[in-house]
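Student:
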Amino acid sequence: MQESPPSDNSPPPKRGIGRRLLIHLRRKLTTGLLVVIPLGITLFILRFLFNLADGVLAPWIRQGVTSYLGQELYLPGLGMVAGFLVLYAAGVVAGNVIGRRFVDAWESLLSRIPLVKSIYTSSKQIINVFSQGGQGAFRRAVYVEFPKEGCYSIAFVTNSVKATSGRAFYTVFIPTSPNPTSGYVLLLDEENVYPTAFGVEEAMKIIMSGGMVTPDEIRADILQ
């Protein structure tokens, strides 16, 4: 009678103190980076914007105060406050009928200057695309089969058109990751555009994080 080999129920060997310490440090450092890096980027951008606004407007404020008071007086941050007031005033002016006509006339003038036209039009289109209320804003997030059959990419519906035959098509923008300001524009049949279970904001987070920030479940009929 053949005897069965004895089963090995002994617990796995414990890791050494040094290895456990390295694993602990790696996990904590990784978690710390995930917390500190976004905060650092945010502070860097805010500081850059503060210095930019303060540097551009501060000399004008300093000169005006000096000529008015007869002595030089400058407080850090006045440029930022002045920039805020300028933006607020621009919003108030553009929010009424007379101001809107003035803005339209100004835009019409800029659109006739060759180099200025390219810069202004491009920057305005980018702002409209990424603003929620702009006419060029992303309507919804979808899946499209790209760049080859069997591969699906997150895209944004930007417009819908109909052929003379009545067939519906969508223009979709497929952004690159992690920089969503560049990408591909496709004209697809309505049947080749598949809805997602998340909105534009969630889709943008997925793209800008390189897929590290994703929903727990990605629901779509095409992905079943």
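Numbers 449 to 672, taken from my numbering, label the letters of the sequence shown in order. The beta-carbon is built from N, C-alpha and C at its ideal position, and this holds for glycine as well.
Just the Cα atoms here: how many angstroms apart are Phe621 and Ile654?
Tutor: Spanning the two alpha carbons is a distance of roughly 15 Å.
Student: Can you name the start and end residues of the alpha helix (DSSP H) that Val661 belongs to?
Tutor: Here Val661 belongs to no alpha helix (DSSP H), and DSSP marks it neither H nor E.
Student: For Glu639, which three-state DSSP category applies?
Tutor: Three-state result, Glu639: helix.
Student: Give the straight-line distance between the Cα atoms of Ile602 and Arg510, rounded to the nearest whole angstrom.
Tutor: C-alpha separation (whole angstroms): 50 Å.
Student: If you draw a straight line from the C-alpha of Pro626 to the C-alpha of Gly658, how long is it?
Tutor: The straight-line gap from Cα to Cα measures roughly 6 Å.
Student: Mind checking who Tyr618 pairs with in its DSSP beta bridge?
Tutor: Beta-bridge pairing links Tyr618 to Ser608 and Leu636.
Student: Quick one: any contact between the segment 641 to 651 and the segment 589 to 597, if contact means 3 or more CB pairs under 8 Å?
Tutor: Contact between the segment 641 to 651 and the segment 589 to 597 is present, because at least three Cβ pairs lie under 8 Å.
Student: Could you tell me the distance, in whole angstroms, from the CA atom of Ala530 to the CA atom of Met660?
Tutor: Taking the straight line from one Cα to the other gives about 39 Å.
Student: Provide the residue span of the beta strand (DSSP E) that contains Ala645, from first to last.
Tutor: It is not in any beta strand (DSSP E) - Ala645 carries neither H nor E in the DSSP assignment.
Student: Could you check the C-alpha separation between Glu555 and Arg475 for me, to the nearest Å?
Tutor: Cα-Cα distance, rounded: 53 Å.
Student: Ala537 and Val551 - do their beta-carbons sit closer together than 7 Å?
Tutor: No, the pair does not count as a contact, with Cβ atoms beyond the cut-off.
Student: Please determine, among Ile546, Asp637, Val484 and Pro623, the residue with the shortest C-alpha to C-alpha distance to Phe617.
Tutor: Nearest option by C-alpha distance: Asp637.
Student: Pick helix, strand or coil for Gly539, following the three-state DSSP scheme.
Tutor: Looking at Gly539 - three-state DSSP - the assignment turns out to be helix.
Student: Roughly how many angstroms lie between the CA atoms of Gly488 and Arg495, to the nearest whole one?
Tutor: Their Cα atoms are separated by approximately 10 Å.
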